[in-house]
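Below is one structure; the comments refer to it alone.
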Amino acid sequence: MKLYHGSNADIETIDLTRGLRHKDFGKGFYVTPDRSTAIRMAQKKARLFGETATLITYELDEVALPSDLKVKRFPEKATVEWLMFVYDNRDRKNTTPIHDYDIVIGPIANDGVVLQLTNYREGIYTPEQVAKLLQDRYLDQQYYFGTVRALQFLHKINVEVL
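Taking the working numbering, the leading residue of the sequence shown gets 289, the next gets one more, and so forth.
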């Protein structure tokens, strides 16, 4: 399976310590199966941080993943479980990781999701109401790699300067 990472520079070696802790699935390395999503991310990073928009293509052989790797796969649509998982990971009050998964697969919390998470935090909606509001929206998908062991199954195959 091909997965893409949008960046503002090539990544020689993935360094999990460089990731930001309060992302959708926590501190780790993120890729998407959607090339256009990764291109948008690359362009955004180049705009914000300088350098050149860069698309990095990886190959993940899902068949090769060992069965003892901890993998969490959310449905492609918003669910209460996914919403609360993202909410807890993004909560800056959490000073330690909230999970120990090697890989997490699920929707990307875009700006619309973040707005609804704020509405939940402020008591305007329940998690169930938020998930229902988001049910009909297409949410781009992402793969999170949180351990060095999981990264062993992700192989860079191409770098494209955009």
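Cβ atoms here follow ideal geometry from the backbone N, Cα and C, with glycine treated the same way. Bear in mind that the values here come from a model prediction, so they are computed numbers and not experimental data.
> What are the start and end residues of each continuous alpha helix (DSSP H) run of 4 or more residues lying completely inside the segment 289 to 336, in chain order?
Replying inline: none
>> Whole angstroms are fine: how far does the CA of S355 sit from the CA of T342?
In response: 33 Å
> From the DSSP output, which residues share a beta bridge with V392?
Replying inline: K360, Y432
>> Taking the alpha carbon of T293 as the reference point, which residue from T305, K332, H310 has its own alpha carbon closest?
In response: Per the sequence shown, the amino acid found at residue 293 is His instead of Thr. It is K332.
> What residues in its chain sit with their C-beta under 6 Å from that of G314, if we drop five residues either side in the sequence?
Replying inline: N377, P385
> DSSP on T342, reduced to helix/strand/coil?
Replying inline: strand
> What do you get for Y426, buried or exposed, if any count of 16 or more other CB atoms within 10 angstroms of its CB means buried?
Replying inline: exposed
> Where does E350 sit, in a helix, a strand or coil, going by DSSP?
Replying inline: helix
>> For the ligand SAH, is there any heavy atom lying closer than 6 Å to the beta carbon of L336?
In response: As for the ligand SAH, it is missing from this structure, which has no ligand bound.
> By the 10 Å Cβ neighbour count, where 16 or more other Cβ atoms means buried, how is S324 classified, buried or exposed?
Replying inline: exposed
>> For Q430 and R409, what's the separation of their Cα atoms in angstroms?
In response: 24 Å
>> Taking a contact to mean a Cβ-Cβ separation below 7 Å, would you say L450 touches A330 in this structure?
In response: yes
> Going by DSSP, which residues form a beta bridge with V449?
Replying inline: T342
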